[in-house]
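Colleague: Taken in order, these protein sequences are the chains called A and B.
Sequential numbering of the first sequence, starting at 1, is according to the UniProt record's numbering.
Sequential numbering of the second sequence, starting at 1, is according to the UniProt record's numbering.
A virtual CB, placed ideally from N, CA and C, is assigned to each residue, including glycine.
Quick one: this structure, given as structure tokens, is what I'll be asking you about.
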Amino acid sequence: MSALTAKVAEPAPPPPPGTGAPKRRGVELALLAGAVLISVLGHLYVGLATTGRIPGPAARYTAGLCAAALLAHLAVRFRAPYADPLLLPIAVLLNGLGLVLIQRLDVTTPGHLTAGDQLLWSALGVGLFVLVVALLRDHRVLQRYAYLSVTVALVLMLIPVFFPAVNGAHIWIRFAGLSFQPGEFAKILLAVFFAAYLAANRTALALTGRPLFRKLRLLPGRVLGPILAIWLLSVGVLVLERDLGTSLLFFGLFVIMLFTATGRIGWIAIGLLLAALGAYAVGTFEPHVHSRVDDWLNPFASIERGEGPGQLAQSLFAFGAGGLLGAGLGHGQSFLIGFAAKSDFILATAGEELGLVGLAAILLLYGLLVARGFRAGLALRDPFGRLLATGLASIVALQVFVIAGGVTGLIPLTGMAMPFLAQGGSSVVTNWIIVALLVRLSDSARRPRPGKDPAE
Amino acid sequence: MIRYIRWCAYFCALLLVALLVNIARVQVWESAAYGANPANKRPAIARYAEPRGDILVDGRPVTGSRDSGQLLRYERTYANGPLYAPVTGFSSQTYGTSFVERAEDAVLSGTDPGLSAFPLWYELSRGRPAGGNAATTVRAAVQRAAYAGLAGKRGAVAALEPATGKILALVSSPSYDPSTLSGTGTKVKDAWTALNADPARPMLNRALRETYPPGSTFKIVTAAAALDAGVVTDVDAPTLTPDPYPLPGTSTLLPNAGTGCEDASMAEAVQWSCNTVMAKIGVQVGLRRMVEAARRFGFNGAGLRVPSWVSRSNFDTDMSPDQLALSAIGQFNTKATPLQMAMVAAAVANGGEVQYPYLVERTTRNDGSQVRGGDRRSLGRAMNPATALRMQELMVKVVENGTGRNAAIPGAVVGGKTGTAQHGVGNAGTPYAWFISWAKAEGAPLPAVAVAVVVEDASAHRGDISGNGAAAPIARAVMEAALAG
Numbered sequence: 001m002s003a004l005t006a007k008v009a010e011p012a013p014p015p016p017p018g019t020g021a022p023k024r025r026g027v028e029l030a031l032l033a034g035a036v037l038i039s040v041l042g043h044l045y046v047g048l049a050t051t052g053r054i055p056g057p058a059a060r061y062t063a064g065l066c067a068a069a070l071l072a073h074l075a076v077r078f079r080a081p082y083a084d085p086l087l088l089p090i091a092v093l094l095n096g097l098g099l100v101l102i103q104r105l106d107v108t109t110p111g112h113l114t115a116g117d118q119l120l121w122s123a124l125g126v127g128l129f130v131l132v133v134a135l136l137r138d139h140r141v142l143q144r145y146a147y148l149s150v151t152v153a154l155v156l157m158l159i160p161v162f163f164p165a166v167n168g169a170h171i172w173i174r175f176a177g178l179s180f181q182p183g184e185f186a187k188i189l190l191a192v193f194f195a196a197y198l199a200a201n202r203t204a205l206a207l208t209g210r211p212l213f214r215k216l217r218l219l220p221g222r223v224l225g226p227i228l229a230i231w232l233l234s235v236g237v238l239v240l241e242r243d244l245g246t247s248l249l250f251f252g253l254f255v256i257m258l259f260t261a262t263g264r265i266g267w268i269a270i271g272l273l274l275a276a277l278g279a280y281a282v283g284t285f286e287p288h289v290h291s292r293v294d295d296w297l298n299p300f301a302s303i304e305r306g307e308g309p310g311q312l313a314q315s316l317f318a319f320g321a322g323g324l325l326g327a328g329l330g331h332g333q334s335f336l337i338g339f340a341a342k343s344d345f346i347l348a349t350a351g352e353e354l355g356l357v358g359l360a361a362i363l364l365l366y367g368l369l370v371a372r373g374f375r376a377g378l379a380l381r382d383p384f385g386r387l388l389a390t391g392l393a394s395i396v397a398l399q400v401f402v403i404a405g406g407v408t409g410l411i412p413l414t415g416m417a418m419p420f421l422a423q424g425g426s427s428v429v430t431n432w433i434i435v436a437l438l439v440r441l442s443d444s445a446r447r448p449r450p451g452k453d454p455a456e
Numbered sequence: 001m002i003r004y005i006r007w008c009a010y011f012c013a014l015l016l017v018a019l020l021v022n023i024a025r026v027q028v029w030e031s032a033a034y035g036a037n038p039a040n041k042r043p044a045i046a047r048y049a050e051p052r053g054d055i056l057v058d059g060r061p062v063t064g065s066r067d068s069g070q071l072l073r074y075e076r077t078y079a080n081g082p083l084y085a086p087v088t089g090f091s092s093q094t095y096g097t098s099f100v101e102r103a104e105d106a107v108l109s110g111t112d113p114g115l116s117a118f119p120l121w122y123e124l125s126r127g128r129p130a131g132g133n134a135a136t137t138v139r140a141a142v143q144r145a146a147y148a149g150l151a152g153k154r155g156a157v158a159a160l161e162p163a164t165g166k167i168l169a170l171v172s173s174p175s176y177d178p179s180t181l182s183g184t185g186t187k188v189k190d191a192w193t194a195l196n197a198d199p200a201r202p203m204l205n206r207a208l209r210e211t212y213p214p215g216s217t218f219k220i221v222t223a224a225a226a227l228d229a230g231v232v233t234d235v236d237a238p239t240l241t242p243d244p245y246p247l248p249g250t251s252t253l254l255p256n257a258g259t260g261c262e263d264a265s266m267a268e269a270v271q272w273s274c275n276t277v278m279a280k281i282g283v284q285v286g287l288r289r290m291v292e293a294a295r296r297f298g299f300n301g302a303g304l305r306v307p308s309w310v311s312r313s314n315f316d317t318d319m320s321p322d323q324l325a326l327s328a329i330g331q332f333n334t335k336a337t338p339l340q341m342a343m344v345a346a347a348v349a350n351g352g353e354v355q356y357p358y359l360v361e362r363t364t365r366n367d368g369s370q371v372r373g374g375d376r377r378s379l380g381r382a383m384n385p386a387t388a389l390r391m392q393e394l395m396v397k398v399v400e401n402g403t404g405r406n407a408a409i410p411g412a413v414v415g416g417k418t419g420t421a422q423h424g425v426g427n428a429g430t431p432y433a434w435f436i437s438w439a440k441a442e443g444a445p446l447p448a449v450a451v452a453v454v455v456e457d458a459s460a461h462r463g464d465i466s467g468n469g470a471a472a473p474i475a476r477a478v479m480e481a482a483l484a485g
């Protein structure tokens, strides 16, 4: 406990010579220009393909996008000059592509336009990005707020239980016509907590405990307690909120960070065993989850029963219709998916209209984002920073895998937002904060050591 | 810790590879299977996304397309639905297609590879050409005359151009409006249910798909077979036939409808429709040669397509002599479609050659250039040219001074044959009235039209149903319309 609140005093290893990386802000600016250009061209293309006209607010749209990208760039340039130059352009490009896809799907739902809202949320997200980059000068400050983070995270996750279920899941708060998914914010807070807790206790976790069986050691209750609590939390989320995706994400995040901190495979085994048990029990006894598993095992069962294609079947049809090159923006029929076409199933529109080529490009963009996150983690020297970078990168990776795997029939479908692409305010804002933290972490990682001459 | 972060990164890379492999599976490997899944609406959406090509009669469209604003967007309209329903069929979002709509669907819906000016152009551009048109051989005036002649009575008319096989009219009555089946929804389903439940069976294309006992009109086939086989060498020679005629091997006596058939010649037997004489001649020709003759006219031939399939007309191939006697006068198991009997009349008019009947003159692209021409070809020779000439004379006599005088047209050579077919258990059903005929303008080298009319109106008084009374006037109107063209 004391280790958590103690002043961060890492015995810094002797830095290798020449750690001062080039700043590469010019590269970032050029990449940003490319990302904005692609988004604007997509915006114009959708307008031409669906209505035959350049969209009315195209000029304002372009100006807004440029302004947001420029603002974010300036924040990085002045407050995190050594940050990884790929992070921000990737985020802008993914967010821009998401806006294009949502704008395209708005054409099919004239009674329910969402692109405007999404644009506002994106602006808010960029605003928060700028705030985080500008105000958080050192990521290690966060280590002090570990228990505050976990408390707020728990509260955020518990609130929706008291709100009515939407589409079978208690994950939304509806307030004054707006809806939030507090679980989205909670995952950052949990990553902060895990990083801080594990950084402080990793030695105890890795080495203490009575030997139980060869290398497997029983852990002392003091360190085991919080871990069991997290496992219970995941199951609790699942049972109370019926949100399989978030539960999976929290648990996966925890296992990955635990492994990173301790390197003990036995824990991973225990974790996976517990997860498997939990998943099996819930998959068997919880009807909402059970039906998802059935859909995954046989997506066309409802067609054979004569009830028409289910959502997963429609999603697979959309991907299949895209083929290698796609139908072209505005020329697909992914609206057949119906409910959640703009959020959970947004990838199906990308798949149908941009094809395997476009979809693979988007997935590789995520892969690049995650890789740069891990790279920051590798280059950092403090355990908290390393763990936090690993955790944040893993959040993005797991989330992409869970939802992309779900809509393409690789794993059972769980409701989750595709980072940056999917319609949904809380998700976009959260992802911008994640990117802001990664920018901050990578800046610390690449920054020249104090007292050392970069030219040395 | 560095090592474990690397492991995590490798794990995430593994997840990414799994995703990439899986999307390749879904988008490339499974793509065709998903596209072919009947629950996938995309093919239907693409099919109805553009106006369907039109079916033309006399160069003018008898169909159209209406933008419904629905998911399956363009719905079929029909300018004169009930009149042309046996030709066009329907094109329904719910129930598919029939007749020309079905046979030429690839051209009409724009999927035919021939619609593309350059090979693979539309495959590469992922577009779809505008639907092409199908020009039919039907002539509006002939079709209207036939439809008006039937006047809602149950029956059918098939008219051919003997020298080419072009189908000039194809009418089935009562008819229906195929536009009621266009689109989706309960209205379409209700219309479908009502049409199928209607005892008058309006959706049955009687001209192509219903087979009737041809009755006395079949005597043309028997007479041609007798002449070809040499059983009868002089059509005016007495045939030494008793009246009534005892069916061979039985004690059943076959009567005639009229008098004067005893010992009549074959010419008189055709002219006055003597059952006794023609039954006896049929037996004399023998089973093998009768079957052979019927086959040459098109009976027992499966797979006639105009381009829609046509029901098989039947002449039994294994019969006792008494059954053969009845079959030779178009009774027993002998059954024919109206189109088949029109082909019989056309064969006589065309010098013995049977032309393959066809309904689609040509298919064109949207700009009018041709995709495919009609399939004009011969089905073979039904009788010798000399026999055909002799048969023409006999059929002309029927109209000039015989049972078919109602079909006479001033200024034209008309040959015909009446028929009144018994059917039902113990012949209890209302008889079908038949008339088959052909007409040639005086001095013209080629006959203009061959026609078969059948009227099966159960509501009419039994005595009114006769070939000359009910069917011949319709045939005359059809022939007049064809001659006027």
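#1: CB B:VAL285 to CB B:ALA325, shorter than 8 Å?
#2: What is the residue span of the beta strand (DSSP E) that B:ALA433 lies within?
#3: For the candidate residues B:THR252, B:TRP7 and B:LEU394, whose alpha-carbon lies nearest to that of B:VAL235?
#4: Is the region 236–245 of chain B in contact with the region 275–285 of chain B, if contact means three or more CB pairs nearer than 8 Å?
#5: Would you mind telling me which residues of chain A sit closer than 7 Å to B:GLY35, beta carbon to beta carbon, in chain order?
#6: CA-CA distance, B:ILE220 and B:THR193?
#7: Roughly how many whole angstroms lie between the Cα atoms of B:ASN133 and B:PRO445?
#8: Would a C-beta distance cut-off of 8 Å place A:ILE337 and A:LEU421 closer than the cut-off?
#9: So, helix, strand or coil for B:HIS461, using DSSP?
#10: Would you say B:MET1 reaches chain A, if we count a Cβ-Cβ gap shorter than 8 Å as a contact?
#11: Quick check: A:PHE384 and A:GLN143, are their CB atoms within less than 8 Å of each other?
#12: Examine chain A for any beta-carbon lying closer than 8 Å to the beta-carbon of B:SER31, and answer yes or no.
#13: Quick one: any contact between the region 168–188 of chain B and the region 61–77 of chain B, if contact means 3 or more CB pairs under 8 Å?
#14: For A:PHE193, does the three-state DSSP call read helix, strand or coil?
#15: What first and last residue would you give for the alpha helix (DSSP H) that runs through B:SER31?
#16: Give the list of continuous beta strand (DSSP E) stretches no shorter than 3 residues that lie fully inside the region 32–120 of chain B.
#17: Which runs of the alpha helix (DSSP H), 4 residues or longer, sit entirely within the region 343–393 of chain A?
#18: Of all the CB atoms in chain A, is at least one closer than 8 Å to the CB of B:ALA302?
#19: When we look at the beta-carbon of B:SER369 and count the other beta-carbons within 10 Å, is it buried (16 or more) or exposed?
#20: What is the rounded straight-line gap between the Cα of B:GLY463 and the Cα of B:LEU115?
#21: DSSP state of B:ALA408, grouped into three classes?
#22: I need the boundaries of the beta strand (DSSP E) containing B:GLY155, first residue and last residue.
#23: Would you report the Cα separation of B:LEU83 and B:TYR358, rounded to the nearest angstrom?
#24: Please say whether B:ILE409 and B:MET479 have beta carbons closer to each other than 8 Å?
#25: Exposed or buried, what is A:VAL439 when buried is set at 16 or more other beta-carbons lying within 10 Å of its beta-carbon?
#26: Spatial neighbours of A:ARG447 within its chain, please: C-beta separation below 7 Å, excluding the five flanking residues on both sides.
#27: Please identify the residue among A:LEU240, A:GLY283, A:LEU413 and A:GLY252 whose C-alpha is closest to the C-alpha of A:PRO310.
#28: Beta-carbon within less than 6 Å of B:ALA458's beta-carbon, same chain only, minus the 5 sequence neighbours each way: which residues are those?
#29: If you scan the region 128–161 of chain A from start to end, which runs of the alpha helix (DSSP H) of 4 or more residues do you find wholly inside it?
#30: Report the option in B:ALA18, B:THR164, B:VAL414 and B:GLY81 whose CA atom is closest to the CA atom of B:ASN350.
#31: Could you compute how far the alpha carbon of B:ALA18 sits from the alpha carbon of B:TYR48?
#32: Going by C-alpha distance, which of B:GLU161, B:GLY419, B:GLY402 and B:LEU120 is nearest B:ALA433?
#33: Just to confirm my understanding: we take B:ALA264, look at its own chain, exclude 5 residues before and 5 after, and list those with CB closer than 6 Å. What are they?
#34: What residues of chain B sit near A:VAL370, judged by a beta carbon separation below 7 Å?
#35: Who pairs with B:PRO246 in a beta bridge, going by DSSP?
Modeller: Looking at the atomic coordinates:
#1: In terms of Cβ geometry, B:VAL285 and B:ALA325 do not form a close pair [threshold 8 Å].
#2: Note, B:ALA433: beta strand (DSSP E), 432–441.
#3: Taking B:VAL235 as reference, the option from B:THR252, B:TRP7 and B:LEU394 with the minimal CA-CA separation is B:LEU394.
#4: For the pair of segments examined, the region 236–245 of chain B was found to touch the region 275–285 of chain B: the number of CB pairs separated by less than 8 Å reaches three.
#5: Residues of chain A whose Cβ lies closer than 7 Å to the Cβ of B:GLY35 are, in chain order, GLY320 and ALA321.
#6: Straight-line Cα distance between these residues: approximately 41 Å.
#7: The straight-line gap from Cα to Cα measures roughly 33 Å.
#8: The Cβ-Cβ distance between A:ILE337 and A:LEU421 does not fall below 8 Å.
#9: Here B:HIS461 scores only 49 on pLDDT, less than 50, and its place in the model should not be relied on; the value that follows carries that caveat. Note: B:HIS461 maps to coil in three-state DSSP.
#10: With 8 Å as the cut-off, B:MET1 counts as an interface residue toward chain A.
#11: A contact, by the Cβ cut-off of 8 Å.
#12: Using beta-carbon distances, B:SER31 counts as an interface residue toward chain A, with a partner under 8 Å.
#13: Yes: the two stretches touch, three or more of their Cβ pairs being nearer than 8 Å.
#14: DSSP, read as helix, strand or coil, puts A:PHE193 in helix.
#15: In the DSSP assignment, B:SER31 falls within the alpha helix (DSSP H) that extends over 31–36.
#16: Fully enclosed beta strand (DSSP E) runs of 3 or longer: 55–57, 63–67 and 74–78.
#17: The qualifying runs are 346–379.
#18: Not one chain A Cβ lies under 8 Å of B:ALA302.
#19: Exposed: under 16 other Cβ atoms inside 10 Å.
#20: Note that B:GLY463 scores 47 on pLDDT, short of 50, meaning its location in the model is unreliable and no value can be drawn from it.
#21: Looking at B:ALA408 - three-state DSSP - the assignment turns out to be coil, as it is neither helix nor strand.
#22: In this chain, the beta strand (DSSP E) harbouring B:GLY155 covers 155–160.
#23: Separation of B:LEU83 and B:TYR358 (C-alpha to C-alpha, rounded to the nearest whole angstrom) is 19 Å.
#24: Note that the C-beta distance between B:MET479 and B:ILE409 is below 8 Å.
#25: So A:VAL439 ends up on the buried side.
#26: Around A:ARG447: TYR82.
#27: The sequence given here places Gly at residue 310 of chain A; Pro does not occur at that position. Distance check between A:GLY310 and each of A:LEU240, A:GLY283, A:LEU413 and A:GLY252 places A:LEU413 closest, using alpha-carbon atoms only.
#28: Here B:ALA458 scores only 48 on pLDDT, less than 50, and its place in the model should not be relied on; the value that follows carries that caveat. So the list reads THR430, once near-sequence residues are dropped.
#29: Secondary structure within the region 128–161 of chain A: the alpha helix (DSSP H) runs of 4 or more consecutive residues, fully enclosed, are 146–158 (chain order).
#30: The candidate whose alpha carbon is nearest that of B:ASN350 is B:THR164.
#31: Using only the alpha carbons, I get a separation of about 37 Å.
#32: The shortest Cα separation from B:ALA433 among B:GLU161, B:GLY419, B:GLY402 and B:LEU120 belongs to B:GLY419.
#33: So the list reads CYS274 and VAL277, once near-sequence residues are dropped.
#34: Near A:VAL370 (Cβ distances below 7 Å), the residues of chain B are CYS12.
#35: Residue pairing by DSSP places B:PRO246 opposite B:LEU253 in a beta bridge.
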